[in-house]
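Per my numbering, numbering of the sequence shown is gapless, rising by one per residue and ending at 230.
Each remark here refers to the structure printed beneath this line.
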Amino acid sequence: MREVALAGWALVRAPYLSLRDGLAEAERRLNEADEHELPVGGWRRLRDADTEQARTAAVNDLLAATLAGWQLAEHQGRWRVRLIPELYVDPAELAAVQVLVLLVEAEGWSRLGRCNRAGCERVFLDWTNSGGRRSCRVHRPAPVGRS
Ligand SMILES: [Zn+2]
């Protein structure tokens, strides 16, 4: 059996604010999965999966369909990893998958939740420090102390 390497980086850690843009994009694609469908149907399968194994299989299909490879590239005076999307893939979609993977790597699947509002079918990604989110963006309680 071929030996498989895990990525060599440290896990991302809270606060996950730096992942917010990509996670918001992932959340949008999860909830609008029928309109932004890859051939593999990964976002819809991820949204509807009942088990962590099924969620993981859906994410791995998304990775296989979106990511063509890596390059090391200079960016704003630093060396960064440049992710190369498959030709037909929107780079924002690849970034959405990527940050979702980083969040799951750090926190497990508990950060992908289903809205607790009766009758709401939406799912959400929770990038709060506490991991205490229970409702989707539409039904999120108003922040305390702000109008
Ligand atoms: Zn909701």
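Idealized CB from N, CA, C, for every residue including glycine.
Next on the checklist: Helix, strand or coil for Val164? Go by DSSP, reduced to three states.
Outcome noted: For this step, residue 164 is matched to residue 81 along the sequence shown. Three-state result, Val164: strand.
Next on the checklist: Three or more C-beta pairs under 8 Å: does that hold for the region 196-208 against the region 156-166?
Outcome noted: In short, these stretches do not touch, since the Cβ pair count stays below three.
Next on the checklist: I need the residues with a C-beta less than 7 Å from some heavy atom of ligand 1; please give them in chain order.
Outcome noted: Chain-ordered list of matching residues: Cys198, Arg200, Cys203, Arg205, Ser218, Cys219, Val221 and His222.
Checklist entry - Between Ala109 and Val182, which are expected to be in contact by the criterion C-beta below 8 Å, what is the C-beta distance as a whole number of angstroms? => result Start at 1 with the first residue of the sequence shown, and residue 109 comes out as number 26. Start at 1 with the first residue of the sequence shown, and residue 182 comes out as number 99. 7 Å between Cβ atoms; contact.
Checklist entry - Going by other Cβ atoms of all chains shown within 10 Å of its Cβ, with 16 needed for buried, is Val180 buried or exposed? => result Along the sequence shown, one-based indexing puts residue 180 at 97. Note on Val180: 16 or more other CB atoms within 10 angstroms of its CB, so buried under the neighbour-count rule.
Checklist entry - Which residues bound the alpha helix (DSSP H) around Trp126? => result If you number the sequence shown from 1, residue 126 lands on position 43. Per DSSP, the unbroken alpha helix (DSSP H) holding Trp126 starts and ends at Gly125 to Asp131.
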